Amino acid sequence: MDRAFGAALYADTDAALDTGASLLAADPSADPEAARRGREFVAAAWRRGWQPADVVRVVRRELDDLHVRLVARLILDEQGQGQGQGQGQGQGQGQGEAGAGRGRRWAAQLAELAVLDTSVPPRTDRFAHATAVLELYRLLLRLPALEPLDEAPPSARRPGGHARGEGREDTRGGGRMLSRIRALLAKAEATGFPEEAEALSAKAQELMARHSIDEALLAARAHDPDAPGACRIGVDPPYETAKAVLLDAVARANRCQAVWNEALGFSTVVGFEPDLEAVELLHTSLLVQATAAMTKAEAAQRAGGRKRTKTFRQSFLAAYAHRIGDRLAAVAEAQTEASRREFEEEAGAAQGAAPAPDLLPVLAARDLAVHEQVTRLFPETVTTRVRGVSDEAGWRQGTEAADRARLAGRPRLR
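Using full-length UniProt numbering, you'd call the opening residue of the sequence shown number 1 and step up by one each time.
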């Protein structure tokens, strides 16, 4: 085992990998120890700031399906949810330690892994399997440190035992609100009419903005301030730059900030929990809608004899992201102004009631808290320009796809 790992894991050559795989394949009795060490590598990734979805994402990006199956099984085993949980957890880090206090996103990521097919394909011979294991371990060993995004650090726990933001969704109607938003976005993705899809998305953004404002005011009234959190969202090829711009636009419209890690294929979104949920939902839906609109527009271009599909797609997605960001921001701003007027009317009608916090200072304080958290997590960031946007037809049609919905004149959503 030590010879196999020493030969393969700390060298870059194919010859070293073949030597290690041959040694490992020739000794079936070493399989449990190899799995134990794999769990140790996974636990080490947690200590370096990685989360389950991050690890699976980078493995899928750098390797292939067999490696994804292997790492998913290792993660579940290390967290005490897999077939190998009875074999002893690496360094004593099973679900009780490595998964403690990780929050609902961590649990959701494990739940997604639990439904994957993590079995090894039946025709995989021992040498091929050993090679894949060592390739995976090579990658895990070389993962860089990331910014820790634990959702519930001990310092954020309240006397009642809940982390900031936990336990509020049911009492504040957040669950019902998110269900309404999901339903609107599902309809937007399913419809074949672009105008209807974008109108539904705009309605969803209104609900998100209203939900964010309600959460901010309730926290201020209760003198129980939240702290910003963060989550990572994958930005997959192709056309990563345009997709990152779309995510940034959605984040800004929902009082969050996004920082793109191009090398590792994700953006870190920083914001308050209701706003992070909104970004996750809306970004996923808009990406589906943008891709569908792009495919339809591209088909029309091909029918006319056009062949420059790559530049068309890049320009289309970049224009879509730019324009949809403007429209989402306008919707959010209008909702904020409407809520401010309503808030002032309610405050004026509440004779003898305790003074309530002003809306705009509350929102400004939350914006400042998000900015400070971004600065703390990412003290050195740079801006990047969108490259490859040179197709006039792609830009025009991408703008039109994001601009078809008539957003004015709708009744307010309550």
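Every residue, glycine too, gets a C-beta built ideally from N, C-alpha and C. Fair warning: this is a prediction, and the values are worked out from it, not measured in the lab.
Problem set entry | Span separating the alpha-carbon of residue 250 from that of residue 325 | 6 Å
message: Going by DSSP, what residue range makes up the beta strand (DSSP E) through residue 268?
response: DSSP places residue 268 inside the beta strand (DSSP E), whose first and last residues are 266 to 271.
(request) Kindly give me the distance between the Cβ atoms of residue 66 and residue 124, rounded to whole angstroms, as I take these residues to be in contact under 8 Å. (result) 7 Å
Residues of its chain near residue 87, where Cβ-Cβ distance is below 8 Å and the 5 sequence neighbours each way are ignored | Bear in mind that the predicted position of residue 87 carries a pLDDT of just 42, short of 50, making it too unreliable to give a figure here.
| Which ranges does the alpha helix (DSSP H) cover as unbroken runs of at least 4 residues, wholly within the UniProt domain "DUF7168" (240 to 341), from first to last along the chain? | Listed in chain order, they are 240 to 253 and 273 to 303.
Should residue 5 be flagged as near chain C, meaning a C-beta pair shorter than 8 Å? Looking at the structure shown, chain C is missing, and only one protein chain is on hand.
**Report entry** Whether residue 248 touches residue 258 by CB criterion (8 Å)
**Finding:** yes
Terminal residues of the continuous beta strand (DSSP E) containing residue 232?
229 to 234
Report task. For the stretch 226 to 234 and the stretch 263 to 274, state whether three or more C-beta atom pairs, one from each stretch, are separated by less than 8 Å. Result -> yes
- Distance CB(residue 331)-CB(residue 206) smaller than 8 Å: Yes, they are a contact pair.
query = So, is residue 368 buried or exposed, given that buried needs 16 or more other C-beta atoms within 10 angstroms?
reply = In the assembly as shown, residue 368 is an exposed residue. Its beta-carbon has fewer than 16 other beta-carbons within 10 Å.
Problem - Per-residue burial, residue 134 [other beta carbons within 10 Å of its own, 16 or more giving buried] - result: The Cβ neighbour count for residue 134, taken over all protein chains shown within 10 Å, is at least 16; the residue is labelled buried.
Host alpha helix (DSSP H) of residue 41 (start-end)
31 to 47
Distance, Cα to Cα, residue 322 vs residue 395?
10 Å
By Cβ distance, which residues of its chain are closer than 6 Å to residue 215, with the 5 residues on each side in sequence left out? 274
**Request:** List the endpoints of the continuous alpha helix (DSSP H) containing residue 15.
**Result:** Annotation: the continuous alpha helix (DSSP H) that includes residue 15 extends over 14 to 25.
Exercise. Considering only the beta carbon of each residue, do residue 329 and residue 252 sit closer than 8 Å?
Worked result: Contact flag set, yes.
| request: Below 6 Å CB to CB, which residues in the same chain sit around residue 138 once its five sequence neighbours on both sides are set aside? | output: Counting only Cβ-Cβ distances below 6 Å, and skipping sequence neighbours, we find 9.
>> Check this for me: beta carbons of residue 116 and residue 48, under 8 Å apart or not?
In response: no
Residue 10 in three-state terms, based on DSSP: coil
- Query: What is the rounded straight-line gap between the Cα of residue 141 and the Cα of residue 63?
  - Reply: 14 Å
Practice problem: Please report how far the alpha carbon of residue 345 lies from the alpha carbon of residue 338, in whole angstroms. | Solution: One alpha carbon belongs to residue 345, the other to residue 338, and they sit about 11 Å apart.
### Query
Smallest Cα separation from residue 256: which of 370, 313, 243 and 319?
370
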